[in-house]
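**Q**
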Amino acid sequence: MREAISRTMADRMAWFWMIFEPIAFIGVMVAVRSLVMGGGRHIAGADFIPWLVVGLLGFFLFRENLMRAIGAVDANKGLFAYRQVKPVDPVLVRAFLEGMLKSFIFLLFIAAGSLLKFDLVPAYPLGAILDWLSLWALGLGAGLTVSAAAALVPEIGRIVRILTLPLLILSGVIFPINYIPHEFRQYVLWNPIVHGLESMRLSFFEGYHTLDGIDMTYLWLWALGLMTLGLMLHVRFAGRLKAQ
35 MREAISRTMA DRMAWFWMIF EPIAFIGVMV AVRSLVMGGG RHIAGADFIP WLVVGLLGFF
95 LFRENLMRAI GAVDANKGLF AYRQVKPVDP VLVRAFLEGM LKSFIFLLFI AAGSLLKFDL
155 VPAYPLGAIL DWLSLWALGL GAGLTVSAAA ALVPEIGRIV RILTLPLLIL SGVIFPINYI
215 PHEFRQYVLW NPIVHGLESM RLSFFEGYHT LDGIDMTYLW LWALGLMTLG LMLHVRFAGR
275 LKAQ
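Okay, structure coming up:
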């Protein structure tokens with residue numbers, strides 16, 4: 035409850051920015067596409083705006099789990115006076131809260147898309163839910179790892195913040211990975227976020243086409259590996275994290 039109130043009520047504009055950010059980003063990208071590429075609503079078997087919405091909200095789910103985890107330990111040091119509260123607890127709570135908020139916002143976009151005649155209802159709902167949970171799990175694993183590392187070495191948190199913009203571009207959020215030259219596509223597939231976003235788009239758009247090699251097992255190997263590493267860091271350095 036403390037985290038939820040802080041996230042949604044501390045700033046009078048908190049809800050506005052959570053909804054306005056993706057809308058503004060979508061508006062900018064639609065304008066850029068219209069000016070640079072001459073418009074066009076279709077992209078590899080899907081309308082451009084729904085395609086962008088799915089990719090953008092999926093990436094934001096991962097990004098917010100990662101970014102909110104960075105300051106979770108430092109922001110809750112006062113709670114560590116209670117022995118039952120561990121440094122990993124605020125990270126888990128923030129990840130759960132971000133998952134709930136982003137899921138609610140995604141449902142709002144789906145409802146608004148239906149009213150505006152945009153095809154945002156998933157063709158395979160169960161697959162879309164599993165892909166959404168997979169991206170959340172990947173963000174949780176990255177957040178657990180980075181939260182411990184950034185609390186011990188603050189420079190790591192600054193580097194991660196800088197890398198989020200290049201990661202957005204390299205994850206196929208704003209342009210199809212099919213546009214990437216063939217010789218570089220194998221390197222793009224090293225990024226587990228690409229697998230999650232493209233799989234979710236396949237679940238949303240029945241006629242969507244993507245690269246061969248999209249594999250959710252690969253994403254889950256990353257997610258489980260990062261969760262394990264993050265929990266190990268929190269257990270190993272629990273004392274130092276409390277005393278930082």
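According to the working numbering, the sequence shown is numbered sequentially starting from 35.
C-beta: ideal position from N, C-alpha, C; glycine also.
Bear in mind the structure is a predicted one, so any value in this text is a computation, not a measurement.
1) Is the beta carbon of residue 124 sitting closer than 8 Å to the one on residue 90?
2) Which parts of the region 117-186 are runs of the alpha helix (DSSP H), unbroken and 4 residues or longer, counting only runs that do not cross its ends?
3) For residue 85, which option in 64, 103, 97 and 105 has the closest C-alpha, if you only look at C-alpha atoms?
4) Going by C-alpha to C-alpha distance, which of 135, 142 and 83 sits closest to residue 153?
5) Pull the bridge partners of residue 80 from the DSSP assignment, please.
6) I'd like to know whether the C-beta atoms of residue 92 and residue 231 end up nearer to each other than 8 Å.
7) Given a cut-off of 8 Å on the beta-carbon distance, is the pair residue 52 and residue 139 in contact?
8) Taking 8 Å as the threshold, find out whether the region 94-107 comes into contact with the region 162-180 through three or more Cβ pairs.
9) Could you check what DSSP says for residue 90 in three-state terms: helix, strand or coil?
10) Looking at the secondary structure, which residues open and close the alpha helix (DSSP H) in which residue 203 lies?
11) Work out the CA separation of residue 237 and residue 218 for me, nearest whole Å.
12) For residue 112 versus residue 242, is the C-beta spacing smaller than 8 Å?
13) Does the region 114-123 touch the region 194-205, meaning 3 or more C-beta pairs lie closer than 8 Å?
14) Using alpha carbons as the reference points, say which of 81, 99 and 39 lies closest to residue 178.
15) For residue 117 and residue 276, I'd like the C-alpha separation in whole angstroms.
16) Residue 81 to residue 165, Cα distance in whole Å?
17) Between the Cα of residue 87 and the Cα atoms of 240, 249, 271 and 207, which residue gives the shortest distance?
18) Taking the C-alpha atoms as reference points, what is the distance between residue 136 and residue 256?
19) How big is the Cα-Cα spacing for residue 169 and residue 273?
20) Starting from residue 224 and walking both ways along the alpha helix (DSSP H), at which residues does that stretch end?
21) Once DSSP output is grouped into helix, strand and coil, what is the label at residue 105?
22) Would you check if the distance between the CB atom of residue 126 and the CB atom of residue 38 is smaller than 8 Å?
23) Less than 8 Å between the CB atoms is what I'm expecting for residue 40 and residue 107, so what's the real figure, rounded?
24) So the candidates are 110, 185 and 199; which of them puts its Cα closest to the Cα of residue 282?
**A** Reading from the atomic positions:
1) no
2) 122-149 and 159-186
3) 64
4) 83
5) 77
6) yes
7) yes
8) yes
9) helix
10) 188-204
11) 25 Å
12) no
13) no
14) 99
15) 11 Å
16) 20 Å
17) 207
18) 22 Å
19) 30 Å
20) Residue 224 -> no alpha helix (DSSP H), and no H or E assigned at all.
21) coil
22) no
23) With a Cβ gap of about 15 Å, residue 40 and residue 107 do not count as contacting.
24) Residue coverage of the chain in this structure runs from 35 to 278, which leaves residue 282 outside it and unanswerable.
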